[in-house]
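Chains as they are written, first to last, in my numbering: chain P, 1 to 259; chain X, 1001 to 1254. Note that beta-carbon positions come from the ideal geometry of N, C-alpha and C, so glycine has one too. Presented below is the structure to which this report refers.
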Amino acid sequence: MLNRILSFLFGAALLVFVVWCFLAIGTQVHLTKYGLHHGGDYFAKLFPRSQADWRYALKLGPDLWQPLIETVQMAVVGTVAGMLLAFPVSFIAARTGSVPGPVIAVVKTFLNMARAVPTLIYALLVIPLAGLGAQTGAIAIGIATFISLAKLYAEALESVSVGPIEAVRSAGGNAPQVFVYAMLPQVFPLYLSTTLYSLEYNLRDSFVVGIVGAGGLGQKLSNAVNLFEWLDAGVIIALVIVLVNIVDYFSYRVRKVFS
Amino acid sequence: MPNAIAIENLTHAYKPGVPVLRGVNLHIQPGEIVGLIGLSGAGKSTLLRCVNGLVQQTGGSCTVLGQAVESLPEGSKRLLRRRIGMIFQEFNLMERLTVRKNVLIGRLGYTATIPSCLHRFSAADVRLADDCLAQVGLAGLEMRRVRDLSGGQKQRVAIARTMAQGAEIVLADEATANLDVLTKDDIMELLQNLSREKKVTLLLSMHDLPLAKRYCTRIIGLKSGRITFDAAPDALDDEAIADVLDRASVPGAG
Ligand SMILES: Nc1ncnc2c1ncn2[C@@H]1O[C@H](COP(=O)(O)OP(=O)(O)OP(=O)(O)O)[C@@H](O)[C@H]1O
Ligand SMILES: [Mg+2]
């Protein structure tokens, strides 16, 4: 009975909260009559509408090639660097019996807190240190990847069943041998899939951090929008969609092979 | 003859104040086949793991092949473990690896870290592994993945691994519990042959009493962390069984 009353009150409170949010946002008047009228025009301007537009869009190609490569490079460097850092740290974040509890607690708390920070924020923080450009983007992506993969790798280590570990230890295996023979076969599919997911995610992030000036296609898009070059913006967005889908597809295929 | 295993006043508590072993004394001669029986939670698995140092006991001593396990540094413990094979109810094999690779795990203690972590073993080790597989009746299955084997075949792989180790003692933690009736006998016969032909000492925790009586040369009854029965299999009559497996007298069991 008490439970029912509590869940009813909770439901009611949730409803009030959602309605309150909508009222607050909905009653602001920024979405102007002008905006509503001309939104369609802006959207249309992203697409080539004449032969001249098409010729212009195609001529953009060579200019966008370099930033496109840069976006991919940022994602790859960030993912690999983050992975290499996450791997050793995951061992002191995993409850596997060989690390003292307080150390694990500190590392885990740090990782959980830091995970709340979006990649974009890291990029803003790194700009003063590494300047505008792809290096900043790669560093920001690397930090975010390190933090999320360290936690995911640690969870993979914790999910390992102890039986095979005991078997290798009882045969006289040392710690590296226990890892390679008893743990790696169990965690490898998880390591691979989480790392590939993070690559997919990082490709999107590498585009987003570009918008605050960290190089690549994102930076091009930001410039294009600032200069009202709508067609340029449209071409860049199309490139990103194609690129992300290609990488997602290959990542999916690789994950399937090893699952 | 010196004891293969000499356990003196062994006590262990995983959590302070909750003793699991409460003063175990046990001396085992080389070549004995010792069946360890007792209720679930009596401490059988814990006792086995003290013998190879997977569990560090809280009190008493455990001398195996002349070395006091508890006082060995980790490196020496590993060297000693090469001489003590262990097989398990859940097999605990590397399911994704091949049969041969699983047997080669018995050679890890003899192989340098870097080559072994790259899955490189000497030609002699590979020959030895295949030879051990032939001895347990698995010739021809070397390149199969373990996950495609039956339970009985898996336990044979585990036994071959202890042979590849050159184990002088084999600890078996309910090694036949997951097998069907006929396969249980096959595995026990294999272990019995190890003992007869190679003088391997066997310490086996078992729940199947008739099986234990058929193959063991000595039965140990463990009750709430103490040995309450220690005699030849013939002495394990109904009365003795009733006493070892008496729940009523076990504090906190039920
Ligand atoms: N790693 C551990 N940490 C804490 N307690 C444990 C651990 N392993 C075993 N125990 C406890 O120690 C007691 C004895 O366990 P043990 O596994 O040695 O019994 P067992 O005789 O092998 O039982 P079973 O027949 O069920 O295998 C049990 O109460 C168990 O809960
Ligand atoms: Mg047990």
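Beta-carbon spacing of residue i, residue j below 9 Å
i, j, result
"P:L60", "P:L243", "no"
"X:A1172", "X:I1087", "yes"
"P:Y191", "X:L1097", "no"
"P:I241", "P:K220", "no"
"X:N1092", "P:E158", "no"
"X:R1078", "X:G1109", "yes"
"X:L1072", "X:V1099", "no"
"X:R986", "X:G1053", "This structure cannot speak to residue 986 of chain X, because chain X is shown only from 1001 to 1254."
"X:T1162", "X:L1194", "yes"
"P:A94", "P:Y122", "no"
"X:V1156", "X:V1024", "For clarity, residue 1156 of chain X is Arg in the given sequence; the question names Val instead. The answer is no: Cβ separation not under 9 Å."
"X:A1160", "X:L1202", "no"
"P:L152", "P:A86", "yes"
"P:L120", "P:D205", "yes"
"P:L227", "P:A57", "no"
"X:A1167", "X:V1200", "yes"
"P:I92", "P:V80", "no"
"P:I141", "P:M183", "no"
"X:C1216", "X:I1005", "no"
"P:T109", "P:A156", "no"
"X:A1129", "X:E1142", "yes"
Closest Cα partner of residue i within the set the options
i, options, result
"X:L1211", "X:A1158, X:L1236, X:L1222", "X:L1236"
"P:L239", "P:G26, P:V257, P:L203", "P:L203"
"X:S1061", "X:A1231, X:E1239, X:E1070, X:D1246", "X:E1070"
"X:D1246", "X:L1048, X:N1102, X:V1034, X:L1222", "X:L1222"
"X:H1119", "P:A52, P:Q177, P:N223", "P:Q177"
"X:F1229", "X:G1038, X:V1136, X:L1194", "X:G1038"
"X:D1185", "X:R1147, X:A1112, X:D1208, X:G1166", "X:D1208"
"P:N245", "P:L199, P:M183, P:T136, P:M1", "P:L199"
"P:S259", "P:A130, P:L111, P:V187", "P:V187"
"X:L1182", "X:T1201, X:E1168, X:G1166, X:Q1153", "X:Q1153"
"X:G1035", "X:R1147, X:A1231, X:A1167, X:A1004", "X:A1231"
"P:T71", "P:L84, P:G101, P:M83, P:L217", "P:L217"
"X:R1144", "X:L1128, X:E1095, X:V1126", "X:E1095"
"P:V247", "P:Y42, P:F22, P:Y197", "P:Y197"
"X:V1064", "X:A1242, X:Q1029, X:I1114, X:D1243", "X:Q1029"
"X:L978", "X:P1233, X:M1206, X:A1042, X:V1051", "For chain X, the structure presents residues 1001 to 1254; residue 978 of chain X sits outside this window and is missing."
"X:R1022", "X:A1006, X:A1042, X:A1004", "X:A1042"
"X:M1206", "X:D1243, X:P1002, X:N1178, X:G1140", "X:N1178"
"X:V1244", "X:G1140, X:E1197, X:K1044", "X:K1044"
Coil, strand or helix - residue i by DSSP
i, result
"P:P189", "helix"
"X:R1022", "strand"
"X:A1158", "helix"
"P:S159", "coil"
"X:M1086", "strand"
"X:V1170", "strand"
"X:G1035", "strand"
"P:F10", "helix"
"X:G1180", "Inspection of the sequence shows that residue 1180 of chain X is occupied by Asp rather than by Gly. Reduced to three states, the DSSP call for X:D1180 is coil."
"X:I1028", "strand"
"X:G1060", "strand"
"P:F91", "helix"
"X:L1204", "strand"
"X:D1125", "helix"
"X:L1209", "helix"
"P:P176", "helix"
"P:H289", "Missing from the structure shown is residue 289 of chain P; chain P here goes from 1 to 259 and no further."
"P:I143", "helix"
"X:D1237", "coil"
"X:D1230", "strand"
"X:G1254", "Summary for X:G1254: the model assigns pLDDT 41, below 50, so the residue's position carries little reliability; its value from the coordinates is reported in the next sentence. It is coil, neither helix nor strand."
"X:R1078", "helix"
"P:W20", "helix"
"X:D1243", "helix"
"P:R55", "helix"
"P:E229", "coil"
"X:E1095", "coil"
Min CB distance residue i to chain A below 9 Å
i, result
"X:L1054", "Structure shown: chain A not included; protein chains present are P and X."
Inset, instruction - Evaluate contact between the stretch 148-168 of chain P and the stretch 119-138 of chain P, counting only Cβ atoms and requiring at least three cross-stretch pairs below 8 Å. - result: no
Legend entry - Exercise answer, beta-carbon shell around ligand 2 heavy atoms below 7 Å: X:K1044, X:S1045, X:D1173, X:E1174, X:S1205
Legend entry - Touch test, the stretch 1103-1120 of chain X against the stretch 1216-1232 of chain X, Cβ-Cβ under 8 Å, three pairs minimum: no
Inset, instruction - Taking 8 Å as the threshold, find out whether the stretch 1008-1022 of chain X comes into contact with the stretch 1040-1058 of chain X through three or more Cβ pairs. - result: yes
Inset, instruction - Count the CB pairs spanning the stretch 1074-1090 of chain X and the stretch 1167-1186 of chain X that are closer than 8 Å, and state whether there are at least three. - result: yes
Inset, instruction - Tell me, please, whether the stretch 211-218 of chain P touches the stretch 136-143 of chain P by the rule of three or more beta-carbon pairs shorter than 8 Å. - result: yes
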